[in-house]
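Residue numbers (numbering that gives the first Met the number 0): 0 to 283.
Glycine included, C-beta positions come from ideal geometry on N, C-alpha and C.
Given the structure is predicted, the values throughout are model-derived calculations rather than measurements.
Only one structure is covered here, and it is reproduced in the block below.
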Amino acid sequence: MTENSNPLNKYFRQASIYVALPSGTDYPIDVVTKSETGEIGIMPMTAKDEVRFKTPDALMNGQGVVDVIESCIPDIKDAWQIKSYDLDTILVAIRIATYGETMEINFTVPGANEQVAHTVNLPAILDQIQKTKVDTAFTLKDGLKITVQPLTYRDMTSTSLQTFQQQKMYSAIQDSELPDEDKATRFNDAFKKLTELNASILLKNIASITMTDGTVITDAAHIKEFVDNANATLIKEIEIKLMDLRTQGAVKPLNLKATEEQIKKGAPASYEVPVTFDTSNFFV
């Protein structure tokens, strides 16, 4: 034992689970440390991490989640740059490392209006995610090939925050005593900002466009001009395909069967329950 070593260090937390990210470890070294095995070690949360995860302001702006990820996974140096489809794997693994392999979720059975609890097997969820192939490109009906730049956690947080602020603005305008003409003007301004926000997300998601003659377009200004001037049907097709790709690596909903009693109350024979990892269910 060295002079400065802490005799309590044998009680310090250690990695208790190792996982491979859906995107691999193809990150810059200042974001994620390269791994020879392709897996990263996950340590359980500390008491300080739990406090971070329960602080509303830190959760709203994303800093709380970033701090917890970097605390529990030393190989992740900049959690803001983590790709969107790696996030659920990371949160599920931290949950397993901290509290164990099961998690109870509470929900209302559709149609039956009955509150029930269900125990989720988290390693099975991780296994399901890791079997999903991550696609980074798709081809449109007219032959254009879109190569995707995945959104980062910073992109996702910024977008959620801006959307939340716009929704608050809508409510404030609706509840205000402004004349109808002023309300209409402010609604139009808010709608314009939301439209611009959606366009910026779309542009961030497109890395390049390959034309049918093989020409590859990577210039951001050219891609923006294309998005601004292409017909609505084409842009809608891109948006739908991008939305599908954004769910890669996400935890799939549970497929559950209703009991006979629940069916009598109006529940469908089978139904889906989304599994999310937020402060309402993250802690035991």
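8 Å CB neighbourhood of residue i in its chain, flanking five on each side removed
{"i": "A136", "result": "K144, I145, T146, V147"}
{"i": "M119", "result": "As written in the sequence, residue 119 is Val, which differs from the Met given in the question. Here the set comprises T101, M102, E103, I104, L253, V274."}
{"i": "A268", "result": "K256, A257, I262"}
{"i": "A189", "result": "Q165, M168, Y169, I172"}
{"i": "S83", "result": "P149, L150, T151, Y152, D154, M155, R245, G248"}
Per-residue DSSP class, three states only, for residue i
{"i": "V133", "result": "coil"}
{"i": "N105", "result": "strand"}
{"i": "G23", "result": "coil"}
{"i": "E176", "result": "coil"}
{"i": "K144", "result": "strand"}
{"i": "E260", "result": "helix"}
{"i": "T151", "result": "strand"}
{"i": "G63", "result": "helix"}
{"i": "S269", "result": "strand"}
{"i": "V50", "result": "helix"}
{"i": "Q114", "result": "strand"}
{"i": "A183", "result": "helix"}
{"i": "V31", "result": "strand"}
{"i": "A198", "result": "helix"}
{"i": "K250", "result": "This sequence places Val at residue 250; Lys is not what is there. Looking at V250 - three-state DSSP - the assignment turns out to be coil, as it is neither helix nor strand."}
{"i": "I72", "result": "coil"}
{"i": "S170", "result": "helix"}
{"i": "I89", "result": "helix"}
Integer-rounded CB distance, given that residue j should sit under 8 Å from residue i
{"i": "Q13", "j": "D134", "result": "No, Q13 and D134 are not in contact; Cβ-Cβ is about 35 Å, not under 8 Å."}
{"i": "L201", "j": "Q161", "result": "Between Q161 and L201 the Cβ distance is about 14 Å, and since that is not below 8 Å, they are no contact."}
{"i": "V274", "j": "L253", "result": "6 Å"}
{"i": "T217", "j": "S207", "result": "5 Å"}
{"i": "V250", "j": "I128", "result": "7 Å"}
{"i": "I41", "j": "A78", "result": "Actually they do not touch by this definition, with Cβ atoms about 13 Å apart."}
{"i": "L139", "j": "I237", "result": "7 Å"}
{"i": "L177", "j": "N204", "result": "At roughly 36 Å, the Cβ-Cβ gap does not stay under 8 Å, so L177 and N204 are not in contact."}
Between the CA atoms of residue j and residue i - distance to the nearest angstrom
{"i": "K264", "j": "F276", "result": "29 Å"}
{"i": "K47", "j": "D87", "result": "21 Å"}
{"i": "R245", "j": "L7", "result": "44 Å"}
{"i": "T95", "j": "G213", "result": "The sequence shown places Ile at residue 95, rather than the Thr named in the question. Each residue's alpha carbon lies about 46 Å from the other."}
{"i": "E103", "j": "G37", "result": "30 Å"}
{"i": "A123", "j": "A111", "result": "28 Å"}
{"i": "F11", "j": "E69", "result": "16 Å"}
{"i": "T131", "j": "L125", "result": "10 Å"}
{"i": "T107", "j": "E259", "result": "16 Å"}
Own chain residues within Cβ distance below 6 Å of residue i, not counting five before or after
{"i": "T209", "result": "K144, V215"}
{"i": "I81", "result": "Y152"}
7 Å Cβ shell around residue i - same chain, five flanking residues per side excluded
{"i": "K223", "result": "L202"}
Check: Taking three-plus beta-carbon pairs below 8 Å as touching, is the segment 58 to 67 in contact with the segment 24 to 33?
Finding: no
Next item on the list: Please determine if the segment 157 to 171 and the segment 220 to 232 are in contact, where contact requires at least 3 C-beta pairs separated by less than 8 Å.
Entry: no
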